[in-house]
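**Q** Residue numbers (mature numbering (1 follows the signal peptide of the UniProt record, and there is no 0)): -21 to -1, 1 to 52. My structure is below; once you've seen it, I'll send some questions.
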């Protein structure tokens, strides 16, 4: 019974951390064509956080959690 309560607590805490995550919008700054299927897309947030992604098509904007580095389109 204690293990079940502990599991529920862990699931609740992990899901609540995703809800209150710090998601910022990043805009496309540069696009480098690769020699294959993928392009390198360079993004930057308003606060200056820069990162790049390998994608087939560079979207104009994406959202990034600057604490974890997770990106959602």
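Yeah, the Cβ is synthetic: ideal placement off N, Cα and C, and Gly gets one too.
Can you name, in chain order, every residue of its own chain whose Cβ lies under 8 Å from the Cβ of residue 48, other than the five neighbours on each side?
**A** Result list for residue 48: 30, in chain order.
**Q** Roughly how many angstroms lie between the CA atoms of residue 20 and residue 37, to the nearest whole one?
**A** Looking at the two C-alpha atoms, the distance is approximately 6 Å.
**Q** Could you tell me the boundaries of the beta strand (DSSP E) in which residue 10 lies?
**A** 2 to 11 is the span of the beta strand (DSSP E), which, as asked, contains residue 10.
**Q** Just tell me which of 44, 50, 52, 51 has its CA closest to the CA of residue -1.
**A** Looking at the Cα atoms, 44 is the closest of the given residues.
**Q** If you draw a straight line from the C-alpha of residue 41 to the C-alpha of residue 24, how long is it?
**A** Distance between the alpha carbons of residue 41 and residue 24 is about 9 Å.
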